[in-house]
Amino acid sequence: MDKVFKALADASRRQLLDRLQAEPGQTLGALAEGLDMTRQAVSQHLALLEAANLVATVRRGREKLHYLNPVPIHEVHARWIAKFERPRLDALAALKHHLEGDQDG
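One point on numbering: in numbering that gives the first Met the number 0, the residue at position 28 of the sequence shown is 27, and numbering is uninterrupted.
Below, the structure written as structure tokens:
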């Protein structure tokens with residue numbers, strides 16, 4: 000999970016993930032287009048994202064297509080975020096039931 004956090008720590012890599020989420024299956028050239036970085040920098044960022052398993056690639060002829068792999072992000076959510084949401088949601092549900100009960104009586 001350290002590789003995932005390291006990969007997500009950089010704004011440029013998050014931007015690449017956002018672009019892959021919006022349009023899956025992009026080539027390196029398509030991803031580099033319109034960004035304020037060199038093609039080589041994009042390639043290095045993609046390599047780090049692949050190492051963190053956040054990006055999966057598929058070869059189609061001479062092209063290498065990049066896809067977002069949401070599984071590691073889901074694992075981060077399940078381990079680090081979801082457990083903090085549950086008490087808040089339980090508290091909101093309890094408040095809702097309490098308020099609805101007060102309105103009836």
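The beta carbon of each residue, even a glycine, is placed where N, CA and C say it ideally should be.
Residue i classed as buried or exposed, judged by whether at least 16 other C-beta atoms fall within 10 angstroms
i   : result
A92 : exposed
A31 : buried
H76 : exposed
L88 : exposed
Of the listed residues the options, nearest to residue i (C-alpha basis)
i   : options             : result
N52 : T26, G60, H44, N68  : N68
K2  : G100, M36, E49, R38 : E49
Residue j beta carbon less than 7 Å from that of residue i
i   : j    : result
S42 : L27  : yes
V70 : L64  : no
Y66 : G100 : no
Distance between beta carbons of residue j and residue i, contact taken as under 8 Å
i   : j   : result
R12 : H44 : 5 Å
L47 : A6  : 5 Å
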